[in-house]
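Comments concern the structure below.
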Amino acid sequence: MAEFDFTHLLPLGPDETVYRSLGDQGLSTFEAGGNSFLKVEPEALRLLTATAMHDIAHYLRPAHLRQLSSILDDDEASANDKFVAMELLKNASIAAGGVLPMCQDTGTAIIMGKKGQAVFTGFDDEEPIARGVYDTYTTSCLRYSQLAPFDMFTEKNTGNNLPAQIELYAEPGDSYRFLFMAKGGGSANKSYLYQETKALLNPKSLERFLDEKLRAIGTSACPPYHLAVVIGGTSAEYVLKTAKLASAHYLDSLPTSGSTSGHGYRDLEWEQRILEMTRGFGIGAQFGGKYFCHDVRVIRLPRHGASCPVGIAVSCSADRQALGKITADGIFLEQLETDPARFLPEVTETDLSDHVVEVDLNRPMDEIRSQLSQYPVKTRLSLTGTLVVARDIAHAKIMERLEAGEPMPEYMRNHPVYYAGPAKTPEGYASGSFGPTTAGRMDPYVEPFQAAGGSLVMLAKGNRSRQVTEACRRHGGFYLGSIGGPAARLAKDSIRHVEVLEYP
205 MAEFDFTHLL PLGPDETVYR SLGDQGLSTF EAGGNSFLKV EPEALRLLTA TAMHDIAHYL
265 RPAHLRQLSS ILDDDEASAN DKFVAMELLK NASIAAGGVL PMCQDTGTAI IMGKKGQAVF
325 TGFDDEEPIA RGVYDTYTTS CLRYSQLAPF DMFTEKNTGN NLPAQIELYA EPGDSYRFLF
385 MAKGGGSANK SYLYQETKAL LNPKSLERFL DEKLRAIGTS ACPPYHLAVV IGGTSAEYVL
445 KTAKLASAHY LDSLPTSGST SGHGYRDLEW EQRILEMTRG FGIGAQFGGK YFCHDVRVIR
505 LPRHGASCPV GIAVSCSADR QALGKITADG IFLEQLETDP ARFLPEVTET DLSDHVVEVD
565 LNRPMDEIRS QLSQYPVKTR LSLTGTLVVA RDIAHAKIME RLEAGEPMPE YMRNHPVYYA
625 GPAKTPEGYA SGSFGPTTAG RMDPYVEPFQ AAGGSLVMLA KGNRSRQVTE ACRRHGGFYL
685 GSIGGPAARL AKDSIRHVEV LEYP
């Protein structure tokens, strides 16, 4: 019989994060039972949460921006890789103004807290944390994405982006530590669980498995990605949670080898192997190249002998997370980059660009399609003119009209359709952040819409299914892939006027 040998499943090393101070309001200390305790008032949790949710909507980590900049210096990077990297850096510079969020999908607020045993609150900690989320989403130009169910099929937007996902844990120590995340639908939908077996655990089988599954992620979640792969796990939910944390680089300080105690560890060899594998896909940063991923994290966990779960998750180009902590010294939040323009190189778009085709959208649809027919796939286009914006709910309502025998609305017949939904509009702007949404969600509508004369030119992000390819071939339609990510740049530099046609 083996001796007792306690270990945490995910034993993290020292925290080397650079923090900034938010002050010490709402904090005090007291003595009890010969021990010192930190008393945290609700306003401290509210302030930290509100500030964190604002910062991660507008600022990125310096390491992420450095990786984008390095693409521009890589002679092996494709022209499309470099163009996407440049656009994302420009977008980051605009978002850092603190007005337009970097992505129009400002996400579900996710907060994980670890409360030391010497920290005392005396109230329901989740309430002021939720209040902090509410403060930022209702006072900033962010989007409300949470739908409350009234029954199985009836939903309504909550109007404040609550509820947040709040998970609080107890641990030893005298500090209260947090991870704040804003997870949009695009990257959240690319979280996968696979229930495999021992047969997967050899190099050939694992490589074949990952080659298939990682290609299937596609571009809908706005690469370049921070990719996480977790092999093993004590339960299905734990492997997925670990994958999410790894994609946020929360587990970077794990040990790099295993032991008989069974703790999780980072496998650096497989991180590099998988990174090289993804560079060989040819998918690149959305439109062909090598930068499908910025980096890869591979976590190996213990497993039940009858199970071998595999978790895969990504953090997208809107890499939104920040660490926070409350100690006796004050309230602290991870220092994100407020001057991303310093990562922009001395290079122009001309240096990055092949020939760009100008397309005037203020013409009859047949003329637009005739022009598009002259150019091959991967041709870079510059669009000017009117777009109709519609996504999930609008498509569902139009489908109901078609099924009731009504005609396709003229606006869907006469204009290209842009799959998107903006964040709130700041004062003085024509629009809030307004990047493309995932095209694949509208795939089931393409055939019936095109058959009725609509959606003949579509603009969005990410790959489409074969049914869309066949519909476009049958009806003479086109799908134009837009860069996923630069929502603030589009709002500031491209959108001149927005009006509601239907379904306000």
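Per the numbering used here, the sequence shown starts with residue 205, numbered consecutively.
All C-beta atoms, glycine included, are put in the ideal place defined by N, C-alpha and C.
Give me the Cα-Cα distance between Thr629 and Gly639, rounded to the nearest whole angstrom.
In the sequence shown, the residue the question calls residue 629 occupies position 425. In the sequence shown, the residue the question calls residue 639 occupies position 435. About 13 Å.
At which residues does the alpha helix (DSSP H) containing Val244 begin and terminate?
Along the sequence shown, read from residue 1 onward, the residue named residue 244 stands at position 40. Element bounds for Val244: not the alpha helix (DSSP H) but the beta strand (DSSP E), Asn239 to Val244.
Mind listing, in chain order, the continuous alpha helix (DSSP H) runs of no fewer than 4 residues lying wholly within the stretch 422-488?
Considered as a whole, the stretch 422-488 harbours 440-451 and 472-483 as its complete alpha helix (DSSP H) runs of no fewer than 4 residues, in chain order.
I'd like to know whether the C-beta atoms of Val563 and Leu585 end up nearer to each other than 8 Å.
On the sequence shown, position 359 is the one that residue 563 refers to. On the sequence shown, position 381 is the one that residue 585 refers to. Contact flag set, yes.
Output needed for Ala425: all residues of its chain with C-beta closer than 6 Å, excluding positions within five of it in sequence on either side, in chain order.
Here residue 425 refers to the residue found at position 221 of the sequence shown. Excluding sequence neighbours, Ala425 sits near Gly390, Ser391, Lys394, Val518 and Cys520.
Could you tell me whether any non-hydrogen atom of the ligand SAM is closer than 7 Å to the CB of Leu251?
Only the bare structure without any ligand can be found here, which leaves the ligand SAM out of the picture.
Check for me: the alpha helix (DSSP H) holding Glu330 runs from which residue to which?
Translated into the one-based positions of the sequence shown, residue 330 becomes position 126. Counting along the chain, the unbroken alpha helix (DSSP H) around Glu330 starts and ends at Glu330 to Thr343.
Out of Gly317, Arg412 and Ser225, which has the shortest C-alpha to C-alpha gap to Phe384?
Within the sequence shown, numbered from 1, the residue matching residue 384 stands at position 180. For Phe384, the closest of Gly317, Arg412 and Ser225 by C-alpha to C-alpha distance is Gly317.
Inspect the beta-carbon positions of Val514 and Ile478 and report whether they are closer than 8 Å.
Residue mapping note: residue 514 aligns to position 310 of the sequence shown, counting from 1. Residue mapping note: residue 478 aligns to position 274 of the sequence shown, counting from 1. Against a cut-off of 8 Å, the Cβ pair of Ile478 and Val514 comes out as no contact.
Taking just the CA atoms, how far does His453 sit from Ala313?
To locate residue 313, count along the sequence shown from 1; it is residue 109. To locate residue 453, count along the sequence shown from 1; it is residue 249. If I take the Cα positions, the gap works out to 18 Å.
Burial state of Ala267 (16 or more Cβ within 10 Å):
One-based indexing of the sequence shown puts residue 267 at position 63. With fewer than 16 other Cβ atoms within 10 Å, it is exposed.
Are His258 and Ser344 touching if we call contact CB-CB under 8 Å?
Taking the first residue of the sequence shown as position 1, residue 258 is located at position 54. Taking the first residue of the sequence shown as position 1, residue 344 is located at position 140. Yes; because the gap between Cβ atoms is below 8 Å, this pair is in contact.
Expressed to the nearest angstrom, what Euclidean distance is found between the alpha-carbon atoms of Arg250 and Tyr338?
Sequence index remark: in the sequence shown, residue 250 carries index 46 (1-based). Sequence index remark: in the sequence shown, residue 338 carries index 134 (1-based). Approximately 9 Å, taken between the alpha carbons.
For the beta strand (DSSP E) containing Ser225, name the first residue and the last one.
Here residue 225 refers to the residue found at position 21 of the sequence shown. Element bounds for Ser225: Tyr223 to Ser225.
Going by CA-CA distance only, name the one from Leu366, Tyr623, Val650 and Ile535 that's closest to Leu591.
For the purposes of this step, residue 591 is taken as residue 387 along the sequence shown, with counting starting at 1. It is Tyr623 whose Cα lies nearest to the Cα of Leu591.
Mind checking which residues open and close the alpha helix (DSSP H) that includes Lys696?
Mapped onto the sequence shown, residue 696 falls at position 492. It spans Ala691 to Asp697 - the alpha helix (DSSP H) in which Lys696 sits, taken as one unbroken run.
Starting from the N-terminal side, write out each stretch of the alpha helix (DSSP H) that is 4 residues or longer and does not extend beyond the stretch 629-684.
647-655 and 670-679
Just mark Met646 as buried or exposed, buried being the case when its beta carbon has 16 or more other beta carbons within 10 Å.
Start at 1 with the first residue of the sequence shown, and residue 646 comes out as number 442. Met646 should be labelled buried.
What runs of the alpha helix (DSSP H), each 4 residues or longer, lie entirely inside the stretch 565-639?
569-576, 596-607 and 614-618
Inter-residue Cα distance where the pair is Asp329 and Ile298
Residue 329 sits at position 125 when you count from the first residue of the sequence shown. Residue 298 sits at position 94 when you count from the first residue of the sequence shown. Their Cα atoms are separated by approximately 34 Å.
Under 8 Å: do the stretch 262-276 and the stretch 533-551 share three or more Cβ pairs, one atom per stretch?
yes
Could you pull the start and end residues of the beta strand (DSSP E) that Asn361 belongs to?
Within the sequence shown, the letter at position 157 stands for residue 361. Asn361 -> beta strand (DSSP E) spans Glu359 to Asn361.
At least three beta-carbon pairs within less than 8 Å, the stretch 284-297 to the stretch 343-360:
No, the stretch 284-297 is not in contact with the stretch 343-360.
Could you give the distance in angstroms between the alpha-carbon of Pro305 and the alpha-carbon of Val288?
In the sequence shown, counting from the first residue as 1, residue 305 sits at position 101. In the sequence shown, counting from the first residue as 1, residue 288 sits at position 84. Near 18 Å, if we compare the C-alpha coordinates of Val288 and Pro305.
Check each candidate in Arg419, Arg335 and Asp378 and name the one with the smallest Cα separation from Phe324.
Translated into the one-based positions of the sequence shown, residue 324 becomes position 120. Nearest of Arg419, Arg335 and Asp378 to Phe324, Cα basis: Asp378.
Count the C-beta pairs between the stretch 612-621 and the stretch 646-661 that are closer than 8 Å, then say yes if the count reaches three, no if not.
yes
If you run the structure through DSSP and keep just helix, strand and coil, what is Lys394?
The residue you call residue 394 lines up with position 190 of the sequence shown. Of the three classes helix, strand and coil, the one that applies to Lys394 here is coil, per DSSP.
Count the other CB atoms, across all protein chains shown, that sit within 10 Å of the CB of Tyr579; report buried if there are 16 or more and exposed otherwise.
Taking the sequence shown and counting its residues from 1, one reaches residue 579 at position 375. Exposed is the call here.
Check whether the stretch 438-456 and the stretch 403-418 touch, using three or more Cβ-Cβ pairs below 8 Å as the test.
no
In chain order, what residues of the same chain lie with their CB nearer than 6 Å to the CB of Thr642, ignoring the 5 residues before and after it?
Along the sequence shown, read from residue 1 onward, the residue named residue 642 stands at position 438. Result list for Thr642: Gly390, Ser424 and Gly666, in chain order.
Beta-carbon proximity of Pro428 to His498, cut-off 8 Å:
Walking along the sequence shown from the start, residue 428 turns up at place 224. Walking along the sequence shown from the start, residue 498 turns up at place 294. For Pro428 and His498, yes; Cβs fall inside 8 Å.
Please say whether Tyr380 and Lys286 have beta carbons closer to each other than 8 Å?
For the purposes of this step, residue 286 is identified with residue 82 of the sequence shown, where counting begins at 1. For the purposes of this step, residue 380 is identified with residue 176 of the sequence shown, where counting begins at 1. Cβ atoms of Lys286 and Tyr380: not closer than 8 Å.
Here's the rule I'm using: 16 or more other beta-carbon atoms within 10 Å means buried, otherwise exposed. How should Asp471 be labelled?
Taking the sequence shown and counting its residues from 1, the one referred to as residue 471 is at position 267. Flag for Asp471 reads buried.
Answer with buried or exposed for Arg270, where buried requires no fewer than 16 other C-beta atoms within 10 angstroms of its C-beta.
Looking up residue 270 in the sequence shown gives position 66. Under this definition Arg270 is an exposed residue.
Indicate the three-state DSSP secondary structure (helix, strand or coil) for Ser409 in the structure shown.
As a position in the sequence shown, residue 409 is number 205, starting the count at 1. Ser409: helix per DSSP, three-state reduction.
Report the rounded CA-to-CA distance for Arg605 versus Met612, giving the unit in angstroms.
For the purposes of this step, residue 605 is identified with residue 401 of the sequence shown, where counting begins at 1. For the purposes of this step, residue 612 is identified with residue 408 of the sequence shown, where counting begins at 1. In a straight line, the C-alpha of Arg605 is about 8 Å away from that of Met612.
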